[in-house]
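Take any residue in the sequence shown, note its place counting from 1, add 3, and you have its number in the working numbering.
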Amino acid sequence: MDGSNKNNAIFRAISWHFSNSTYTGKIQPYDKRHSKFNPWMLMPAAVIVQFCCGSLYAWSVFNEPIDEEITGDAESSQAAISFYIAVGMLGFSAAFMGPWIERNGPRKSLIVASSIFFLGNLISALAIYWKDMFLLYIGYGVVGGFAIGISYVTPVSSLQSWFPHKRGLAAGFGVCGFGGGSIVIGKVILPLISAVGLPMTFVVLGCCYFVAMVSSAFVFRLPPPGYSPFSRKQLKKMAKLTPQPEIKLTAMESIKSLDFCLIYVVLLSNILFGLVAISRLSNMITQLFSKNAHEAATMVSINGGLNLFGRLFFSVISDKIGRKSCFIIMLMAQFFVVVTLPFYIEQDLYIPFLASMFTLTMCYGGGFGCVPAFLADMFGASNVGVCFGLILTAWSVGGVAGGLTFTAIYNYLIQHGYSTDDAYPYVVNSYWILSFIIIGLLSAIFVRTSLKDRLLPPVHGEWFKFRIFSNMIRIKKVSTFPQVQVLSSEQYDEEWEKYLQSLASSQTVEIEDYDENCELKNNQEKY
Numbered sequence: 004m005d006g007s008n009k010n011n012a013i014f015r016a017i018s019w020h021f022s023n024s025t026y027t028g029k030i031q032p033y034d035k036r037h038s039k040f041n042p043w044m045l046m047p048a049a050v051i052v053q054f055c056c057g058s059l060y061a062w063s064v065f066n067e068p069i070d071e072e073i074t075g076d077a078e079s080s081q082a083a084i085s086f087y088i089a090v091g092m093l094g095f096s097a098a099f100m101g102p103w104i105e106r107n108g109p110r111k112s113l114i115v116a117s118s119i120f121f122l123g124n125l126i127s128a129l130a131i132y133w134k135d136m137f138l139l140y141i142g143y144g145v146v147g148g149f150a151i152g153i154s155y156v157t158p159v160s161s162l163q164s165w166f167p168h169k170r171g172l173a174a175g176f177g178v179c180g181f182g183g184g185s186i187v188i189g190k191v192i193l194p195l196i197s198a199v200g201l202p203m204t205f206v207v208l209g210c211c212y213f214v215a216m217v218s219s220a221f222v223f224r225l226p227p228p229g230y231s232p233f234s235r236k237q238l239k240k241m242a243k244l245t246p247q248p249e250i251k252l253t254a255m256e257s258i259k260s261l262d263f264c265l266i267y268v269v270l271l272s273n274i275l276f277g278l279v280a281i282s283r284l285s286n287m288i289t290q291l292f293s294k295n296a297h298e299a300a301t302m303v304s305i306n307g308g309l310n311l312f313g314r315l316f317f318s319v320i321s322d323k324i325g326r327k328s329c330f331i332i333m334l335m336a337q338f339f340v341v342v343t344l345p346f347y348i349e350q351d352l353y354i355p356f357l358a359s360m361f362t363l364t365m366c367y368g369g370g371f372g373c374v375p376a377f378l379a380d381m382f383g384a385s386n387v388g389v390c391f392g393l394i395l396t397a398w399s400v401g402g403v404a405g406g407l408t409f410t411a412i413y414n415y416l417i418q419h420g421y422s423t424d425d426a427y428p429y430v431v432n433s434y435w436i437l438s439f440i441i442i443g444l445l446s447a448i449f450v451r452t453s454l455k456d457r458l459l460p461p462v463h464g465e466w467f468k469f470r471i472f473s474n475m476i477r478i479k480k481v482s483t484f485p486q487v488q489v490l491s492s493e494q495y496d497e498e499w500e501k502y503l504q505s506l507a508s509s510q511t512v513e514i515e516d517y518d519e520n521c522e523l524k525n526n527q528e529k530y
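This is the structure in structure tokens:
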């Protein structure tokens, strides 16, 4: 009985944690005409925070110096484990701490995360000084990774609340600094080691990160209730021309929904190839195409810049063409890359190979740039912290599980007669990656972005439905065989009208306006 009560108490605590994401502090008033604060100040502040977090992707520069310092063997590959632990902790902390971030606000969250990250760097410095690899795993992997997870989510969540009219742009700025940090910090590490030594490098960088992140934290705040970036005249005009539907969901309802699960699969499929291929780009250039290390390093730097560009480019155009359309475009582009890449490698076509890898990297970055706005559109800006934190576990799953799978297949083939110069180990790996891209593409098609698609109940015998352009495809079970029914937009609108009429007789539904597609502007029904 006691054990049952204890388990129930733990379950209730976890359930309460994820169900309560309302800010508990005092929100500062904001008057656009008289306040010195400008929401656009949040953009560079977010870039600075993400820039510091992006130092994680420069960790590979530390591997050989740390291995040589602690183990005496620069090729022991023990320091690299810190990176994998940090990526895993990043996903865990982003998922678990999302509701805490929403309850405590961006300023407090960033100050706490900055302090923890500073502590992680100090522990790492001590670990190297004492030549203790396990302590390094704790310091940078566990403590540092945990802090990066909080720091990564916080600016993104805040920007989505302040810029509901430019969610794509806000998401792009919210994550683009991560790519920039990996490029710049990667160039700073070795000169800094030469100047102050390896342990002190972590102290110096930790101090710089702490000052930059805490200074940026004081810029962040939450918008007051009822905040809108538009004037009253603009709101009246927009209500007539482009009404925006909303579905009110709690954080728990959001993460348990089918659409969230589909978006999770979409993001995982979109970043999987990038996670396993980008880390091997330098090796592929030197081993498969016999280029020198200097050229490989140059291409890796250019590739890092395109990662940053992809985060901004796709997030900005998603404001025009939609998040779902962007993911479909990115996954289709990756499908083409994976199909053609083996041919380029086998035929030693270097320029097409680089073009393919650059395209892949842009799509990889674009996924991170689009998904925060996608989640805000689907589940509301108030749930972004929770949803974005949880969906970042796809990053950890892809990086760890995908990387281990790729490496296991690659090493197996190398041990059975193939050399590192052969294309075949990469060709074989492309098969399972291609299957994930196809699954992601299908999942993107099934995501219900329309209010009608999400609220209209299934008809008798319906398995599921999905939209292709203006037509709705409905799969129904008839006897033992499925039946495919294609509904035109007019037929689907008729079903929607009947549904609204049935609601009017049983419960109150507030409808201020709806456009030519019969989409609700403001719906008070609980989804």
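We put the beta carbon where it would ideally sit given N, CA and C, even for glycine. Keep in mind the model is a prediction, meaning the values are calculated, not measured.
Nearest-angstrom Cα distance between residue i and residue j?
i: LEU416; j: LEU162; result: 46 Å
i: HIS181; j: MET216; result: For the sequence presented, residue 181 should be read as Phe rather than His. In a straight line, the C-alpha of PHE181 is about 13 Å away from that of MET216.
i: LEU503; j: GLN494; result: 15 Å
i: MET381; j: THR452; result: 7 Å
i: GLY28; j: TRP165; result: 17 Å
i: LEU278; j: VAL199; result: 32 Å
i: LYS134; j: GLY94; result: 28 Å
i: SER18; j: MET46; result: 33 Å
i: TYR140; j: GLN53; result: 22 Å
i: SER185; j: SER304; result: 9 Å
i: LEU261; j: ASN310; result: 29 Å
i: GLN31; j: ARG457; result: 35 Å
i: PHE14; j: GLY108; result: 25 Å
i: TRP499; j: PHE469; result: 15 Å
i: GLY209; j: LEU437; result: 40 Å
i: ILE412; j: MET203; result: 39 Å
i: PRO158; j: TYR421; result: 46 Å
i: ALA16; j: TYR26; result: 18 Å
i: MET360; j: VAL340; result: 8 Å
i: LEU138; j: ALA116; result: 20 Å
i: PHE276; j: ASP34; result: 46 Å
i: SER257; j: ALA379; result: 11 Å
i: ILE114; j: GLU67; result: 32 Å
Keeping to the same chain, check which residues put their C-beta closer than 6 Å to that of residue i; ignore five residues upstream and five downstream.
i: ILE192; result: VAL64
i: SER446; result: LEU265, VAL268, VAL269
i: ARG110; result: ALA220, PHE223
i: LYS294; result: ILE288
i: TYR347; result: PRO355, PHE356
Mark residue i as exposed unless 16 or more other C-beta atoms lie within 10 angstroms of its C-beta, in which case mark it buried.
i: PRO167; result: buried
i: ALA434; result: Looking at the sequence provided, one finds Tyr at residue 434 rather than Ala. Flag for TYR434 reads exposed.
i: PHE312; result: buried
i: ARG477; result: buried
i: ASP70; result: buried
i: VAL487; result: exposed
i: LYS243; result: Caution is warranted here: a pLDDT of 46 is assigned to LYS243, below 50, making its placement in the model unreliable, and the coordinate value is therefore given only provisionally. The residue is exposed, with fewer than 16 neighbouring Cβ atoms inside 10 Å.
i: LEU407; result: exposed
i: VAL450; result: buried
i: PRO228; result: exposed
i: ARG326; result: buried
What residues in its chain sit with their C-beta under 7 Å from that of residue i, if we drop five residues either side in the sequence?
i: MET333; result: ASN273, PHE317, CYS366, GLY369, GLY370
i: ARG314; result: GLY175, VAL178, CYS179, GLY182, GLY368, GLY369, PHE371, GLY372
i: LEU122; result: VAL146
i: LYS169; result: ASP322
i: ILE88; result: TYR140, GLY144, VAL145, GLY148
Under a three-way DSSP split, which group does residue i fall into?
i: GLU71; result: helix
i: ASN295; result: coil
i: GLU3; result: The requested residue 3 does not occur in the structure, where the chain is confined to residues 4 to 530.
i: LYS35; result: coil
i: PHE484; result: strand
i: LYS327; result: helix
i: VAL191; result: helix
i: VAL450; result: coil
i: ILE471; result: strand
i: ILE478; result: strand
i: LEU490; result: strand
i: LYS259; result: coil
i: LYS251; result: strand
So, at 8 Å on beta carbons, what are the nonlocal neighbours of residue i in its own chain, with the 5 sequence-adjacent residues on each side left out?
i: ALA97; result: GLY152, ILE153, TYR155, VAL156, PHE391, GLY392, LEU393, LEU395, THR396
i: THR423; result: ASN286, GLN290, ILE417
i: THR301; result: none
i: ILE471; result: ILE448
i: SER431; result: Looking at the sequence provided, one finds Val at residue 431 rather than Ser. ILE412, LEU416.
i: LEU344; result: PHE356, SER359, TYR429, SER433
Minimum length 3: unbroken beta strand (DSSP E) runs contained in the segment 88–150: none
Completely contained alpha helix (DSSP H) runs for the segment 342–416, where each covers 4 or more residues: 353–382, 387–394, 396–400
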